[in-house]
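*Asks:* FYI, the numbering for the sequence shown is 12 to 412, going by my numbering.
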Amino acid sequence: MTRTASAPSDSRPTASGPPAALPDRLTSLTLLLLAALTIMSGATIAPALPAMQAHFADQPNANLLVKLALTIVGLVIAISAPLSGVLADKFGRRPVLLWSLVLYALGGASGLYVQSLGEVLVGRVILGFAVAGTMTAGGALVNDLFSGPARGKFLSQQAAFTSFGGAVLLPLGGLLAGVGWRAPFGIYLISLLLIPLVLRLPKGVPGGVIPTEAAEKPRWLAVALVYFLALAYMVVFYLMPAQGPFLLQALGAKPAATGLLLGTFTLIAALTSLGYSRFAGRFDPRRVAALGMLLLASGWGLVSVAHSIPAVLVGLIVAGLGGGLVFPNLYTWLADLTPAAWRGRITAGMSSAVFLGQFLSPLVLAAPAAHPARGFVWGSLGIAVIGGALLALSVIRPKVA
12 MTRTASAPSD SRPTASGPPA ALPDRLTSLT LLLLAALTIM SGATIAPALP AMQAHFADQP
72 NANLLVKLAL TIVGLVIAIS APLSGVLADK FGRRPVLLWS LVLYALGGAS GLYVQSLGEV
132 LVGRVILGFA VAGTMTAGGA LVNDLFSGPA RGKFLSQQAA FTSFGGAVLL PLGGLLAGVG
192 WRAPFGIYLI SLLLIPLVLR LPKGVPGGVI PTEAAEKPRW LAVALVYFLA LAYMVVFYLM
252 PAQGPFLLQA LGAKPAATGL LLGTFTLIAA LTSLGYSRFA GRFDPRRVAA LGMLLLASGW
312 GLVSVAHSIP AVLVGLIVAG LGGGLVFPNL YTWLADLTPA AWRGRITAGM SSAVFLGQFL
372 SPLVLAAPAA HPARGFVWGS LGIAVIGGAL LALSVIRPKV A
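Structure below.
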C-alpha cells in the first residue's frame, strides 16, 4: 500500500512563497472542536426521542415527526452544503464559521422553549444549515492550513476525535434526557463558547491564493469518484445505527446492551483512526480506504451470520477497524485533488455526499422485519465489490490521485 509518488512536505505554500509553519495547538484544537459539532447534531437528542414522542403524543403524526426531527438535519446538510461552500470560497472561512456557530446555538437549543413539533422541526432545519457551514468552512480551513503527511495525520486525529465525541455525547444525552426531554437541547449552546476561538483563526480568503492556483481547475472525474465512494460507504456504514438495534433485539439484547455494543463499534473506529494517524502520509490513501471498506464488509458479513451477541461483537470489532480507516483517507485523497481556490466548494460536495448516504441508508438497504440481517448481507457484498474495485484502481493506475 506504499505510495508511489513522493510525499509532499509537511508545510503549506503561501502566496508569498516560503512555506508557513503548521498551526499551533490551539488552532488545531479549534478545528477538532468544530468537527465535533457534526456528531453533536444528532447524537445529543437521540436518547430523548421517546420522551419527546410521549410529550407530543396528542399532536397529529407525532411518531413520524419525532423521528424526522433526528433525520431531517442530515437531509438539510446534504442540500445546503454546496451553498456554504460557495460562501466560504467567496467571503472566507471565518465569517461562515462565525455565522454558523450562532445559527447552531439558535436552531439547536430551540427545543428548550418551543411549544410544538413543527417549531422543533424548524429549529432542526436551522441546525442543518449551521452544521453544513461548520463542516464546509472547517474542512476547507483544514486543507488551507495542512498539507502532505501532516494533513493526513490531522484528518485521522479529527476522525478519532469525532468518534470519541459520539461515545461521550450519547451517554450525556441519556443522562440529561432523564431530567426531561428538553434538557439535551441545552448542549447545543456550547457552540457559542467556540466563537472566541474561531475569531483567532485566519479568515482564509480566496485572495490569498497564488494566481496559478486560482486558475487551476479540479479533476472532476476523480472528485466525483471520491464523492461516490463516500456516499456508498456511508449507506453501508450507517447500517448499524439504523438497523443494528432491530437485529440485536431479535438476538435477545436488552436496550442497555445495545447501547454498549454501538458504543464499542464507535470506540474501535476512534482508536483505529487515532492509531493510523501515526502512519498517515506513508501509504496511498486509496489503498488504505479500500482496506477499510474490505474490513467493514468482513465485519458486516460476520454480523449477518451471527446467532449470538458475542458473535455480533466480533463482527462489530472488525467493522470498527475498517470504519476508522475509510474517511480520513478519502478526505486526504480529495484534498490532494483540490486546487486551493475550490476547497470550500469541493469540501461542501463531500459533506453532501456523506449526509445523503446517511439519509439513503435505511431506504436503499431496507430490511424486512422478519429478516433483520438482510441489509447487512447486501451491504457487505456491495462494499466488498466497491473496496476491491478501488484497490484494483490504485494498483492499475497509481497516478490517478
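For each residue, glycine too, the CB sits at the ideal point set by N, CA and C.
Find the nearest neighbour of TRP389 within the set VAL325, LEU336, ALA308, judged by alpha-carbon distance.
*Replies:* ALA308
*Asks:* Could you check whether GLY163 and THR343 sit closer than 8 Å to each other, using their CB atoms as the reference points?
*Replies:* yes
*Asks:* Check whether the Cβ atoms of SER363 and ALA92 sit closer than 8 Å, and answer yes or no.
*Replies:* yes
*Asks:* When the Cα atoms are used, what is the spatial distance from LYS78 to THR145?
*Replies:* 24 Å
*Asks:* If I follow the unbroken alpha helix (DSSP H) through ARG230, where does it start and stop?
*Replies:* That residue, ARG230, is in no alpha helix (DSSP H); it is neither H nor E in DSSP.
*Asks:* Can you say whether ALA64 is buried or exposed, counting buried as having 16 or more other CB atoms within 10 angstroms of its CB?
*Replies:* Note that residue 64 is Gln in the sequence shown, not Ala. Flag for GLN64 reads buried.
*Asks:* Give, in chain order, every unbroken run of the beta strand (DSSP E) that is at least 3 residues long and sits entirely within the segment 312-375.
*Replies:* List check, beta strand (DSSP E) in window: nothing returned.
*Asks:* Which residue from ALA317, ALA280, TRP110 puts its Cα closest to that of MET304?
*Replies:* Looking at the Cα atoms, ALA280 is the closest of the given residues.
*Asks:* Could you check whether the segment 49-63 touches the segment 185-198, counting it as contact only if at least three pairs of C-beta atoms, one from each stretch, sit closer than 8 Å?
*Replies:* yes
*Asks:* Pick helix, strand or coil for VAL396, following the three-state DSSP scheme.
*Replies:* helix
*Asks:* If we ignore side chains and look at the alpha-carbon of each, how far apart do LEU302 and THR173 end up?
*Replies:* Distance from the CA atom of LEU302 to the CA atom of THR173, rounded to whole angstroms, is 21 Å.
*Asks:* Just tell me which of GLY103, LEU132, GLY355, PRO106 has its CA closest to the CA of LEU117.
*Replies:* LEU132
*Asks:* Quick check on the burial criterion: 16 or more other C-beta atoms within 10 angstroms. Buried or exposed for TRP231?
*Replies:* exposed
*Asks:* Taking just the CA atoms, how far does PHE290 sit from LEU183?
*Replies:* 32 Å
*Asks:* Quick one, which of GLY386, GLY333, THR277, THR358 has its alpha-carbon nearest LEU306's?
*Replies:* The option with the nearest alpha carbon to LEU306 is GLY333.
*Asks:* Ignore the nearest five residues each way along the sequence and tell me which others in GLY176's own chain have a CB closer than 6 Å to its CB.
*Replies:* Here the set comprises ALA47, ILE50.
*Asks:* Work out the CA separation of HIS66 and ILE407 for me, nearest whole Å.
*Replies:* The C-alpha of ILE407 lies about 58 Å from the C-alpha of HIS66.
*Asks:* Tell me whether PHE196 sits in a helix, a strand or coil according to DSSP, three-state version.
*Replies:* helix
*Asks:* Please report the straight-line C-alpha distance between ALA89 and THR358, rounded to a whole angstrom.
*Replies:* 12 Å
*Asks:* Please name the residue in LEU374, LEU152, LEU203, ALA253 whose C-alpha comes closest to that of GLY355.
*Replies:* LEU152
*Asks:* What are the start and end residues of the alpha helix (DSSP H) that includes GLN70?
*Replies:* GLN70 -> no alpha helix (DSSP H), and no H or E assigned at all.
*Asks:* For GLY149 and TYR238, which I take to be in contact (beta-carbon distance under 8 Å), what is that distance rounded to the nearest angstrom?
*Replies:* The C-beta distance from GLY149 to TYR238 rounds to 19 Å, too long to fall under 8 Å, and the pair is not in contact.
*Asks:* Can the beta-carbon of SER315 be found closer than 8 Å to that of ALA384?
*Replies:* yes
*Asks:* Taking ARG297 as the reference, which of PRO252, GLY399, LEU138 has the closest Cα?
*Replies:* GLY399
*Asks:* First and last residue of the alpha helix (DSSP H) that includes ILE201?
*Replies:* Careful: ILE201 lies outside any alpha helix (DSSP H) and carries neither H nor E.
*Asks:* Leaving out five residues before and five after PHE338 in sequence, what residues of the same chain have Cβ atoms less than 6 Å from its Cβ?
*Replies:* For PHE338, where only same-chain residues beyond five positions count, the Cβ hits under 6 Å are ALA170.
*Asks:* By the three-class DSSP mapping on this structure, what secondary structure does ALA253 have?
*Replies:* helix
*Asks:* Report the three-state DSSP secondary structure of ALA161 (helix, strand or coil).
*Replies:* helix
*Asks:* Does the distance from the CB of GLY335 to the CB of ALA241 come in under 8 Å?
*Replies:* no
*Asks:* Relative to the C-alpha of SER391, which residue among GLY312, LEU272, VAL329, ARG105 is closest?
*Replies:* GLY312
*Asks:* Quick one: what's got a C-beta closer than 8 Å to PRO213's C-beta in the same chain, skipping five residues either side?
*Replies:* Taken in chain order, the residues that qualify are ARG104, ARG105, LEU152, ASP155, LEU156.
*Asks:* Quick one: is ILE206 buried, meaning 16 or more other Cβ sit within 10 Å of its Cβ, or exposed?
*Replies:* exposed
*Asks:* ARG297: beta carbon under 7 Å from a heavy atom of the ligand GDP?
*Replies:* You won't find the ligand GDP in this model; it holds no ligand whatsoever.
*Asks:* Near ILE198, what residues of its chain come up, given a Cβ to Cβ distance below 6 Å and the 5 sequence neighbours on each side ignored?
*Replies:* THR55
*Asks:* Starting from LEU117, trace the alpha helix (DSSP H) both ways and give me its first and last residue.
*Replies:* 104-119
*Asks:* Using the rule of at least 16 other Cβ atoms within 10 Å of the residue's Cβ for burial, across every protein chain shown, is VAL179 buried or exposed?
*Replies:* exposed
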